[in-house]
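Chemist:
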Amino acid sequence: AQKVTQAQTEISVVEKEDVTLDCVYETRDTTYYLFWYKQPPSGELVFLIRRNSFDEQNEISGRYSWNFQKSTSSFNFTITASQVVDSAVYFCALSVYTDKLIFGTGTRLQVFP
Amino acid sequence: DTGVSQNPRHKITKRGQNVTFRCDPISEHNRLYWYRQTLGQGPEFLTYFQNEAQLEKSRLLSDRFSAERPKGSFSTLEIQRTEQGDSAMYLCASSFSKAGPYTGELFFGEGSRLTVL
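Heads up: the sequence lines are chains A and B, in that order. Heads up: the first sequence begins at 276 in my numbering, then just goes up one per residue. Heads up: the second sequence begins at 41 in my numbering, then just goes up one per residue.
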């Protein structure tokens with residue numbers, strides 16, 4: 276069975292702090308894809324990144340970075356120098372080469388000025 | 041705006057009534073997905089279409105739920121004899137894929153929130 280666990284329900288930080296959102300996944304498949312989506316208060320899920328199981332390179336995009344470690348089945352997301360606009364619910368998701376995404380329960384991030 | 045559009049955005053109904061939600065995907069997208077999201081949870085897959093064909097249905101989609109995409113463009117999700125447990129946000133997403141599983145970015149709408157009294 277496949278599963279995504281986001282143990283952090285809610286995180287609060289003050290602006291300019293760095294914050295890491297944890298994601299642990301479970302699958303027996305060797306081919307899979309991992310995603311992060313952002314859900315602002317408007318409700319629309321916004322794609323942030325996709326990683327396939329054969330590419331463990333970390334990625335940086337502006338203030339965002341992702342750390343993929345197969346050894347620990349983790350795909351963590353770090354926001355550097357957080358801003359109020361980063362406040363949202365962030366979801367980690369898994370796809371085992373199907374059209375179906377399996378989402379975690381999400382982490383609500385609140386960034387205070 | 042050419043994003044995914046969902047209507048209505050909010051629906052309040054009494055238990056036992058039928059409701060229908062509509063999703064208009066991005067025009068060139070051939071795949072369309074429905075997800076359900078309850079409070080404090082992540083979205084759960086319900087079903088998806090490639091063009092007009094419904095290719096997969098989750099076990100979450102009971103007999104009271106039916107989804108259609110008659111002409112391969114917009115889709116409707118109907119819930120018959122609604123129950124309080126159906127209260128949730130119903131999310132639609134779309135993508136384009138010629139063949140095989142799609143594992144790329146999904147484009148989501150803002151969702152249709154259902155409240156069953």
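Ideal Cβ placement from N, Cα and C applies to all residues, glycine included. Predicted model only: the values in this text are computed from it and were never measured.
(1) In the DSSP assignment, what residue or residues form a beta bridge with residue 118 (chain B)?
(2) Looking only at its chain, what residues have a beta carbon closer than 7 Å to the beta carbon of residue 110 (chain B), apart from the 5 residues adjacent to it on each side?
(3) Does the Cβ of residue 387 (chain A) have 16 or more other Cβ atoms within 10 Å, making it buried, or fewer, making it exposed?
(4) Is it the case that the Cβ atoms of residue 86 (chain B) and residue 76 (chain B) are separated by a distance below 8 Å?
(5) Which partner residues does residue 367 (chain A) have in the DSSP bridge list?
(6) What residue range is occupied by the uninterrupted beta strand (DSSP E) comprising residue 321 (chain A)?
(7) Output yes if chain A places a C-beta closer than 8 Å to the C-beta of residue 23 (chain B); else output no.
(8) Are residue 282 (chain A) and residue 297 (chain A) close, meaning C-beta to C-beta below 8 Å?
(9) For the 8 Å Cβ check, are there 3 or more pairs between the stretch 369-384 of chain A and the stretch 331-344 of chain A?
(10) Given a limit of 8 Å on CB to CB distance, which residues of the stretch 315-329 of chain A reach chain B?
(11) Taking just the CA atoms, how far does residue 118 (chain B) sit from residue 106 (chain B)?
(12) Can you tell which of B:154, B:134, B:116, B:52 has the C-alpha that lies nearest to the C-alpha of residue 90 (chain B)?
(13) Just to check my reading of the structure: residue 280 (chain A) and residue 371 (chain A) have Cβ atoms closer than 8 Å, yes? What is that Cβ distance to the nearest angstrom?
(14) What does residue 309 (chain A) touch in chain B if you count any residue whose Cβ is under 7 Å from its own?
(15) To the nearest angstrom, how far is the alpha carbon of residue 352 (chain A) from that of residue 97 (chain B)?
(16) Can you tell me whether residue 136 (chain B) is buried or exposed, with buried defined as 16 or more other CB within 10 angstroms of its CB?
(17) Mind the definition here: the stretch 304-320 of chain A touches the stretch 60-67 of chain B only if three or more C-beta pairs lie below 8 Å; say whether that holds.
(18) Output the boundary residues of the beta strand (DSSP E) element that contains residue 76 (chain B).
(19) Using 8 Å for Cβ pairs, my map puts residue 293 (chain A) next to residue 356 (chain A). What's the rounded Cβ distance?
(20) With DSSP collapsed to three states, give me the class of residue 347 (chain A).
Modeler: Straight from the coordinates:
(1) Within the second sequence, residue 118 (chain B) is the residue found at index 78, counting from 1. BP columns for residue 118 (chain B) point to B:60, B:106.
(2) Counted from its first residue, the second sequence places residue 110 (chain B) at position 70. Closer than 7 Å at the Cβ level, and outside the excluded window around residue 110 (chain B), lie 92.
(3) Within the first sequence, residue 387 (chain A) is the residue found at index 112, counting from 1. Classification of residue 387 (chain A): exposed, given that the 10 Å Cβ count is below 16.
(4) For this step, residue 86 (chain B) is matched to residue 46 along the second sequence. For this step, residue 76 (chain B) is matched to residue 36 along the second sequence. The answer is yes: Cβ separation under 8 Å.
(5) Here residue 367 (chain A) refers to the residue found at position 92 of the first sequence. In DSSP, residue 367 (chain A) forms a bridge with A:311.
(6) Within the first sequence, residue 321 (chain A) is the residue found at index 46, counting from 1. Per DSSP, residue 321 (chain A) belongs to the beta strand (DSSP E) from 321-327.
(7) An answer regarding residue 23 (chain B) cannot be provided, because it is not within the stretch 41 to 157 covered by chain B.
(8) The residue you call residue 282 (chain A) lines up with position 7 of the first sequence. The residue you call residue 297 (chain A) lines up with position 22 of the first sequence. In this structure, residue 297 (chain A) lies closer than 8 Å to residue 282 (chain A) by Cβ.
(9) no
(10) 317, 318, 319, 320, 321, 322, 325, 327
(11) Residue mapping note: residue 106 (chain B) aligns to position 66 of the second sequence, counting from 1. Residue mapping note: residue 118 (chain B) aligns to position 78 of the second sequence, counting from 1. Their Cα atoms are separated by approximately 5 Å.
(12) The count along the second sequence starts at 1 and reaches residue 90 (chain B) at position 50. Taking only the C-alpha atoms, the option nearest residue 90 (chain B) is B:134.
(13) Position 5 of the first sequence, counting from 1, holds the residue named residue 280 (chain A). Position 96 of the first sequence, counting from 1, holds the residue named residue 371 (chain A). Actually they do not touch by this definition, with Cβ atoms about 16 Å apart.
(14) As a first step, residue 309 (chain A) is located in the first sequence; it is residue number 34 there, counting from the start. Residues of chain B whose Cβ lies closer than 7 Å to the Cβ of residue 309 (chain A) do not exist, since the nearest Cβ in that chain is about 10 Å away.
(15) For the purposes of this step, residue 352 (chain A) is taken as the residue at position 77 of the first sequence. For the purposes of this step, residue 97 (chain B) is taken as the residue at position 57 of the second sequence. Cα-Cα distance, rounded: 31 Å.
(16) Counting from one through the second sequence, the residue named residue 136 (chain B) turns up at place 96. That one is exposed.
(17) no
(18) As a working note, residue 76 (chain B) is residue 36 in the second sequence. 71-77 is the span of the beta strand (DSSP E), which, as asked, contains residue 76 (chain B).
(19) Your numbering for residue 293 (chain A) matches position 18 in the first sequence. Your numbering for residue 356 (chain A) matches position 81 in the first sequence. Going by Cβ atoms, the distance from residue 293 (chain A) to residue 356 (chain A) rounds to 7 Å, so yes, they are a contact pair.
(20) Residue numbering aside, residue 347 (chain A) sits at position 72 when the first sequence is read from its first letter. The answer is helix: DSSP assigns residue 347 (chain A) an H, G or I state.
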